[in-house]
Amino acid sequence: MSQFLREPVSTLPGLGGIKAALLRSELGIVTVGDLIQHYPYRYVDKTLIRTIRDVLTNPDTALVQGILSPFQYQGHGHKKRLVAYLRDGTGTLELVWFKGGKVIEGVLQPGQAYTAYGKIQRFRGKATLVHPEMELLRTATSPRDLTFDPIYSTTEGLSKKGLDTKGIRKLLRAVIPRITPGLVPETLPSELLSTLRLPGRVDAIRNIHFPPSQQALEDARKRLKFEELLFLQLDILLSKKHRNRELVGYVFDAVGEHFNRFYAEFLPFALTEAQKRVMREIRRDLGMGSQMNRLLQGDVGSGKTVVALMAMLIALDNGYQSCLVAPTEILAQQHFQSLKDLVRGMGIQIGLLTGSVTGQARKLTLQYLAEGRLHILIGTHAVLEDPVIFQQLGLAITDEQHRFGVAQRAALWKKSTPHPPHVLVMTATPIPRTLALTIYGDLDVSIIDELPPGRKPIKTELWYENKRLRLIGFMKEQIAAGRQVYIVYPLIEESASLDLLNLEEGLSSLQREFQRPEYQISVVHGRMASADKEMEMQRFQNKETQIMVATTVIEVGVNIPNASIMVIENAERFGLSQLHQLRGRVGRGADQSYCILMTNGRLSDDARIRLQTMCRTNDGFEIADVDLKLRGPGDLEGTRQSGVQGLKIADLREDGAILQSARTIAAKIVDADEHLEQPANLCLKRHLQETRPHNRTWSRIS
Ligand code: ADP
Ligand code: MG
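Residue 351 in my numbering sits at position 339 of the sequence shown; the count goes up by one each step and never skips.
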């Protein structure tokens with residue numbers, strides 16, 4: 013970075029100590045470089061002057077021009093206001109100031125021509141501009157230079173000191189003309205600029221603040237977004253490259269007896285192409301000699317469990333233990349059961365460790381684990397605790413990553429010496445690939461993007477309260493045909509008691525419709541003891557009950573193929589990815605499955621989009637895209653740790669295409685020149701070193 017960009021803003025004329033301190037505390041602006049990167053968040057298009065008549069019929073945000081009338085005060089007390097009129101030959105517009113009348117009177121000159129800009133408001137049948145932005149025209153007939161005026165975000169504190177959007181604009185008007193390529197060096201190789209037809213950095217910065225035209229503004233935005241995303245991707249890819257080289261891991265080069273025997277004799281189905289591809293990726297990681305850190309993304313029901321198992325068999329074939337950690341006791345139980353079923357007869361020892369494994373059972377499990385008599389340990393967070401000692405842990409798998417923090421992953425790392433175990437993180441929350449690569453920067457990403465064959469797509473419908481009777485009839489029909497039904501109530505986090513009430517009300521009306529002994533109902537909710545939850549789940553799984561009433565505790569992972577109807581009450585209260593997760597509990601068997609979204613009909617726009625999306629598609633990635641558009645990436649798990657929060661101009665929701673291109677180009681650069689030594693890449697390296705000094709990689713490769 014040049015000296016110029018590093019200068020504190022307090023060296024700029026008119027920015028005394030107080031203002032500079034405020035800029036720092038309120039907007040984080042310390043240096044001239046920071047100020048230049050305080051990009052406008054919108055622009056006032058002053059290239060289009062409308063006639064007052066037009067504005068009166070279509071009230072909107074508008075720019076008009078005309079002759080200012082003399083001022084007058086109207087009203088009394090706190091309603092007292094300064095009023096004037098602007099006339100342009102087609103009509104008359106009222107201008108009103110509720111505050112600062114004295115100043116306005118002193119500055120604006122009646123009889124002169126002005127432009128006025130603002131949002132036209134309808135007030136008692138009249139069109140009014142309240143607190144318009146006024147600018148003097150030199151002559152009434154020759155309009156001044158028409159431009160896009162930048163609007164900057166600011167704060168009340170700053171505005172009081174004169175640094176409102178106009179004040180900030182004035183600062184930038186003084187600074188921007190001074191920038192030259194000597195003071196603000198180019199950060200992108202010139203070849204790249206010409207291939208992508210992007211403006212140089214100085215032009216982009218000038219034009220983002222004071223665009224001479226719409227096109228220049230768009231080019232500037234594109235360039236600055238691209239630059240930001242390219243450096244983010246370079247940072248991620250280079251760190252990953254250097255880290256992989258450094259983090260030595262166990263080498264699992266044998267694919268031996270257990271793996272092969274399982275594949276040939278025990279695997280109950282053919283793997284999908286996607287599962288095979290992911291297995292290859294995992295095998296390559298495990299054999300390479302560096303530690304694996306891989307995220308396995310796959311939609312609900314895509315078959316991640318068997319992939320996890322096969323990875324664990326590779327570990328076993330190489331003399332290492334593995335563990336699989338699930339977020340809830342129910343899930344751990346279920347994994348334990350289904351893995352045991354899959355390898356029954358192979359002589360593989362699998363243990364279970366959860367909070368409710370206590371006393372002698374716990375003691376033995378821990379002992380066998382330490383002695384190496386257990387090959388695989390399934391459990392909850394209990395596995396991470398200190399007394400849990402493996403003889404030789406080689407592979408740690410976590411299911412449903414979004415409940416797992418970085419700290420917990422770190423705890424897993426410590427369970428093995430001399431190297432950390434290989435780590436596989438599984439998640440059923442699909443997010444678009446480029447975004448995954450960005451957000452989970454520290455992980456490699458594998459994706460299962462294909463469901464096992466023969467699945468019947470789940471039929472999803474939105475039903476209003478008036479179909480309640482039909483719902484009951486439908487449930488009875490399906491139960492008579494041998495199916496089971498989930499009914500899910502929203503968890504109302506701000507009110508634990510309301511939550512239960514909601515479920516209990518639903519339950520008692522259900523009990524009237526579905527009476528014993530013909531019908532049996534299970535209930536599971538978050539405030540039950542885990543042993544009770546477990547028992548209820550078990551009863552449902554054993555088909556002793558036909559209906560499972562639950563809050564969202566069944567959200568992740570549970571696998572009961574005979575349950576083919578999912579009813580979601582107050583569906584409008586659920587987030588999109590949550591709805592998709594819930595729906596994923598059905599559609600696991602051979603029968604046609606249904607998901608019925610119940611709602612009382614008062615839907616917000618977002619809720620409507622969520623429910624319509626659910627009815628339209630079963631595709632988790634498509635759903636993730638919509639979710640991302642509705643909520644923004646800030647809400648996605650993992651965004652906080654990534655550099656994504658620091659983006660000043662790029663928006664991951666909207667700039668997918670630019671992100672993709674930045675990713676591709678960054679990968680090419682890193683492959684060809686991982687130390688950024690080629691002359692053309694020196695500008696990249698310099699910028700990385702300056703802007704990301706916290707990144708150890710940069711100090712090492714410099
Ligand atoms: P998830 O990815 O949601 O964890 P699971 O691993 O629970 O999915 O798999 C869902 C169901 O699909 C399980 O019953 C599993 O046995 C089955 N399954 C997995 N892979 C295949 C396959 N290739 N062919 C057929 N069924 C499969
Ligand atoms: Mg699963």
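For each residue, glycine too, the CB sits at the ideal point set by N, CA and C.
Taking 3 residues as the shortest admissible run, the stretch 383 to 448 contains the following complete beta strand (DSSP E) segments, listed from N- to C-terminal end: 388 to 391, 405 to 411, 434 to 439. Of the residues assessed, GLY78 falls on the buried side of the cut-off, its CB having 16 or more other CB atoms within 10 angstroms. Scanning the stretch 307 to 375 for uninterrupted alpha helix (DSSP H) segments of 4 residues or longer gives 316 to 329, 341 to 355, listed from N- to C-terminal end. DSSP places ARG65 in the uninterrupted alpha helix (DSSP H) bounded by 64 to 69. A distance criterion of 7 angstroms places the beta-carbon of ALA344 beyond contact range of the ligand ADP, judged by its closest non-hydrogen atom. Counting only runs of 3 or more residues that sit fully inside the stretch 555 to 615, the beta strand (DSSP E) segments are 559 to 562, 575 to 580, 606 to 611, in chain order. Assignment of SER458 by DSSP, reduced to helix, strand and coil, places it in the strand class. Taking C-beta atoms under 8 angstroms as the contact rule, ILE64 and LEU105 qualify, at a distance of about 5 angstroms. When secondary structure is reduced to three states using DSSP, GLU258 falls in the helix class. The DSSP assignment places complete alpha helix (DSSP H) segments of no fewer than 4 residues inside the stretch 74 to 158 at 113 to 119, in order along the chain. Residue pairing for LYS471: DSSP places it in a beta bridge opposite TYR606. With a threshold of 7 angstroms, the Cβ atom of GLY315 counts as near the ligand ADP, since some heavy atom of the ligand is closer than that. Secondary structure at ASP265: coil, using DSSP grouped into helix, strand and coil. Classified as exposed, PHE110 has fewer than 16 neighbouring CB atoms from the shown chains inside 10 Å of its CB. Between the alpha carbons of GLY315 and PRO464 lies a distance of about 7 angstroms. Shortest Cα-Cα distance from LYS252 to any of ALA583, ARG18, VAL457, ASN630 involves VAL457.
With a 10 Å radius around the Cβ and a threshold of 16 neighbouring Cβ atoms, CYS335 comes out buried. DSSP places PRO197 outside both helix and strand once states are collapsed to three, so it counts as coil.
In the three-state reduction of the DSSP assignment, ARG54 falls in the strand class.
Comparing alpha carbon positions, the residue from ILE401, LEU376, GLY123, LEU343 closest to THR392 is LEU343.
When secondary structure is reduced to three states using DSSP, TYR476 falls in the strand class. Shown here, TYR501 sits in coil according to DSSP, grouped into three states, outside any helix or strand. Excluding its 5 nearest sequence neighbours in each direction, ASN582 has C-beta neighbours in its own chain below 6 angstroms: PRO502, listed in chain order. With contacts defined as CB atoms closer than 8 angstroms, ILE621 and THR629 fail to qualify as a contacting pair.
HIS90 counts as exposed, since fewer than 16 other C-beta atoms from the protein chains shown sit within 10 angstroms of its C-beta.
Proximity of the stretch 422 to 440 to the stretch 360 to 372 falls short of the contact definition, fewer than three beta-carbon pairs being nearer than 8 angstroms. Spatial neighbours of LEU195 in its own chain (CB-CB distance under 7 angstroms, excluding positions within 5 residues in sequence) are listed in chain order as SER14, PHE16.
If you look at VAL214, you'll find it in the alpha helix (DSSP H) that goes 213 to 221. Excluding residues up to 5 positions away in sequence, ILE470, THR472, MET578, ARG595 lie with their Cβ nearer than 6 angstroms to the Cβ of CYS607 in the same chain. Approximately 5 angstroms separates the beta-carbon atoms of LEU623 and LEU474; this is inside 8 angstroms, confirming the contact.
Membership of PHE160 in any alpha helix (DSSP H) is not indicated; the residue belongs instead to the beta strand (DSSP E) covering 160 to 163.
By the C-beta density criterion, GLU230 is exposed, having fewer than 16 other C-beta atoms within 10 angstroms. Rounded to the nearest whole angstrom, the C-alpha separation of ALA232 and GLY123 is 39 angstroms.
VAL536 is bridged by DSSP to ALA562. Taking C-alpha positions only, ASN272 is separated from HIS254 by approximately 34 angstroms.
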